Amino acid sequence: MASEKEAALSAVPSDSPTIFDKIINKEIPANIVYEDDKVLAFRDINPQAPTHILIIPKVKDGLTGISKAEEKHHEILGQLLYTAKLVAKQEGLEKGFRLVINDGPDGCQSVYHLHIHLLGGRQMNWPPG
Ligand code: TR5
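The letter at position 27 of the sequence shown is residue 27 when you use the UniProt record's numbering, and the numbering goes up by one with no holes.
Listed below in structure tokens is the structure:
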């Protein structure tokens, strides 16, 4: 069976609903760590670090990925980043953390609903793979 990342390499960018819509609508369970009227944050099902959380806009509004951002998205983009900082604090990541946005096939994006990965709880490496 193909891994999530192998699947990403063949994923076709699309504006169709994704698994994240089902999480937003509470149709499938997720380990939610933060929620307000605009933003949802939940634990990644396949964690790449002791803390691995995805921060997403509740309304996609065309934001399949960061490359689709337009001027009208300034506010939600700021809210997503600020939420990442809040959640990092909530998770006790005082020693630091990493934020990642994968975009498109070369970026190894697998879910076409904008999301910020918050990774922490271990020493990160650089350069990333
Ligand atoms: O590869 P990109 O950057 O698009 O990140 C997508 C992320 O969504 C991956 O890290 C996946 O592990 C994560 N993912 C995929 C599913 C899922 C999830 N995180 C939480 N819950 C999930 N469910 C219920 N289903 C998924 N298919």
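Just so it is clear, CB atoms sit at the ideal spot from N, CA and C, and this is done for glycine as well.
All values reported here derive from a predicted model rather than from experimental measurement.
Item: Cβ neighbour criterion (16 or more within 10 Å) applied to Pro29; Value: exposed
Item: Val87 Cβ short of 8 angstroms to the ligand TR5 heavy atom set; Value: no
Item: Coil, strand or helix - residue 131 by DSSP; Value: The question about residue 131 has no answer, for the chain in this structure spans 1 to 129.
Item: Whole-number beta carbon distance between Ile116 and Ala84, since they are thought to touch under 8 angstroms; Value: 5 angstroms
Item: Residues near Arg98 by beta carbon distance below 6 angstroms, same chain, minus five either side; Value: Leu119 and Met124
Item: Gln123 Cβ short of 8 angstroms to the ligand TR5 heavy atom set; Value: no
Item: Thr18, enclosing alpha helix (DSSP H) - first and last residue; Value: Thr18 -> no alpha helix (DSSP H), and no H or E assigned at all.
Item: Pick from Pro105, Ile55 and Leu93 that is closest to residue 130, judged by C-alpha positions; Value: The chain is shown only over 1 to 129; residue 130 falls outside these bounds and no answer can be derived.
Item: Residue nearest to Ala11 in terms of C-alpha spacing, selected from Val111, Pro128 and Pro127; Value: Val111
Item: Opening and closing residue of the alpha helix (DSSP H) in which Glu75 lies; Value: His74 to Gln90
Item: Ile53 beta carbon less than 9 angstroms from that of Leu63; Value: no
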